[in-house]
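Below: the structure, in structure tokens.
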Amino acid sequence: MPWRPALIALDADDTLWHNEPLFRMTQARFDALLAPWADAPTVAAELAAVERRNLSTYGYGAKGFTLSMIETALVLSGRQVGADVLAEILEAGRELMRHPMEPLPGVADALERLAALAPLLLITKGDLFHQESKLAASGLGRWFSGVEVVSEKDADTYRRAFGRHGVPAARALMAGNSVRSDVLPPLALGAWGVLIPYPLVWSHEAAEVPHGHPRFRECASLDALADWLQCLPPEPAAAASPSLSPSLSLSLSPAPSSSHPEA
Ligand SMILES: [Mg+2]
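So the sequence shown is numbered by UniProt numbering: it starts at 1 and just counts up by one.
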């Protein structure tokens, strides 16, 4: 039976713009600051453990990462780390937040093509202020019919997001660079999951690629996703896509939608 998505949901970090390299650069700076107390692999392992422990408290994003760097410095130095180093860590976190947003090549053109095929919904997790700022700076918000900044990307999150936009999971497609967050939960829900690989993946997002799953696909880029969707056979008129509201809306999971004037 012909199938076309009634809703195309997209991840933001490392799908629309570069993100993980900025965290890696910040961590390299952190490694150097902690060199008197531990080597880089030890710092990386401790920071990863502290971040995992703190996710349920701070959530995802640069602010939580900064607090976890400070905690890691206190742990690895036996609370001997000086105020000057703590100030450097805070500055590194601030620069991470303020770093100019760098879109991936060809993203704007690909979004224009995808938006002509179905309404686009941005689903991103992380710090609300930071994600909003990046979207506003990117100028890409105009292609999206809705924006969801969520605290976690699990099946329930996607069920609520698709439901808020009146689209059953079977008619929705989610695409992003994280198998764990962007692919597996939509597949579990009955939606399509599309992996758009990015060279660097945060260890927390690592998961086995579901090769062979009938609703999984891997595309090299958003442009390649548009190529594939444009080649799908047309669907019968009776199965026409439900449409989203023309005005952009921002939702903070699990709260209902509200306006999003920045993007
Ligand atoms: Mg991502």
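Think of the CB as a built atom: it goes at the ideal place given N, C-alpha and C, for glycine as much as any other residue.
Practice prompt. Go to ILE196, then tell me how far its beta strand (DSSP E) extends in each direction, as first and last residue.
Written response: Counting along the chain, ILE196 falls outside any beta strand (DSSP E), and DSSP gives it neither H nor E.
Worksheet item: Can GLU20 and TYR158 be called in contact, C-beta distance under 8 Å?
Response: Contact flag unset, no.
Item to complete: Using beta-carbon positions only, say whether LEU104 and LEU16 come within less than 8 Å of one another.
Response: It is a contact, given that the beta carbons lie within the stated cut-off.
Discussion item. In the DSSP assignment, the beta strand (DSSP E) including PHE216 goes from what residue to what residue?
Written reply: Here the beta strand (DSSP E) through PHE216 covers 216-218.
Worksheet item: Which residues in the same chain have their Cβ closer than 6 Å to the Cβ of LYS134, if we skip the five residues on either side of it in sequence?
Response: Listed in chain order, the non-local C-beta contacts of LYS134 below 6 Å within the same chain comprise MET101, local neighbours out to five positions each way being set aside.
Worksheet item: Going by Cα to Cα distance, which pick from VAL194, VAL201 and ALA206 is closest to ALA226?
Response: Measuring from the Cα of ALA226, the nearest candidate turns out to be VAL194.
Worksheet item: Would you say ASP14 touches ligand 1, meaning its beta carbon is less than 7 Å from a heavy atom?
Response: Between ligand 1 and the CB of ASP14, the shortest heavy atom gap is smaller than 7 Å.
Worksheet item: Which of helix, strand or coil does DSSP assign to TRP17?
Response: Collapsing the DSSP output to three states places TRP17 in a strand.
Worksheet item: What three-state label does DSSP hand GLU148 in the structure shown?
Response: In the three-state reduction of the DSSP assignment, GLU148 falls in the strand class, which pools E and B.
Practice prompt. List the whole-angstrom C-beta distance separating ASP156 from ASP11, where the pair is believed to meet the contact cut-off of C-beta under 8 Å.
Written response: Wrong, their Cβ atoms sit about 17 Å apart, outside the cutoff.
Worksheet item: Taking contact to mean at least 3 C-beta pairs separated by less than 8 Å, is the stretch 165-181 in contact with the stretch 24-38?
Response: At 8 Å Cβ cutoff, the stretches do not touch.
Worksheet item: Of all the options TYR58, GLY82, THR72 and LEU96, which has the alpha carbon lying nearest to the alpha carbon of HIS18?
Response: When C-alpha distances from HIS18 are compared across TYR58, GLY82, THR72 and LEU96, the shortest belongs to LEU96.
Discussion item. Is ASP127 near ligand 1 - that is, is its Cβ less than 7 Å away from at least one heavy atom of it?
Written reply: It does not: the Cβ of ASP127 is nowhere closer than 7 Å to a heavy atom of ligand 1.
Discussion item. Once the 5 residues before and after ASP81 are set aside, which same chain residues still bring their CB inside 7 Å of it?
Written reply: First, the amino acid is wrong: residue 81 is Val here, not Asp. Excluding sequence neighbours, VAL81 sits near ALA73 and LEU74.
Item to complete: Only counting runs of 4 or more residues, tell me where the alpha helix (DSSP H) segments fall wholly within the stretch 78-113, in order along the chain.
Response: Listed in chain order, the complete alpha helix (DSSP H) runs (minimum 4 residues) inside the stretch 78-113 are 83-98.
Discussion item. Taking the straight line between their C-alpha atoms, what separation do you get for PRO242 and ILE8?
Written reply: Low per-residue confidence applies at PRO242: pLDDT is 49, beneath 50, and the placement is therefore not dependable, though the value from the model is reported in the following sentence. Using only the alpha carbons, I get a separation of about 12 Å.
Worksheet entry | Spatial neighbours of LEU86 in its chain, beta-carbon cut-off 8 Å, leaving aside the 5 residues before and after | Short of 8 Å from the beta carbon of LEU86, and not among the five residues preceding or following it, lie these beta carbons of its own chain, in chain order: ILE70 and ALA73.
Worksheet item: Do you know how far the Cα of ALA116 is from the Cα of ALA40?
Response: So the two alpha carbons sit approximately 47 Å from each other.
Worksheet item: Measuring from the CB of ASP11, is there a heavy atom of ligand 1 at a distance below 7 Å?
Response: The answer is yes for ASP11.
Worksheet item: Just to check, is the beta-carbon of GLY176 closer than 7 Å to a non-hydrogen atom of ligand 1?
Response: Set against 7 Å, the gap from the CB of GLY176 to the closest heavy atom of ligand 1 is smaller.
Worksheet entry | Cβ separation of ALA92 and PHE23, assumed to be a contact under 8 Å, to the nearest whole Å | So it is not a contact: roughly 11 Å between Cβ atoms.
Worksheet item: If you draw a straight line from the C-alpha of ARG215 to the C-alpha of ALA6, how long is it?
Response: If you take the alpha carbons of ARG215 and ALA6, they lie about 15 Å apart.
Worksheet item: What number of angstroms, rounded off, separates the C-alpha of PRO119 from the C-alpha of ALA83?
Response: One alpha carbon belongs to PRO119, the other to ALA83, and they sit about 50 Å apart.
Practice prompt. Under the assumption that GLY126 contacts ASP13 (Cβ atoms under 8 Å), give the Cβ distance between them as a whole number of angstroms.
Written response: Yes, GLY126 and ASP13 are in contact; Cβ-Cβ is about 7 Å, under 8 Å.
Worksheet item: If you draw a straight line from the alpha carbon of ARG113 to that of ARG79, how long is it in whole angstroms?
Response: So the two alpha carbons sit approximately 53 Å from each other.
Discussion item. If I measure Cβ to Cβ from GLY190 and keep anything under 7 Å in the same chain, skipping five residues before and after, which residues do I get?
Written reply: For GLY190, where only same-chain residues beyond five positions count, the Cβ hits under 7 Å are ALA169 and ALA170.
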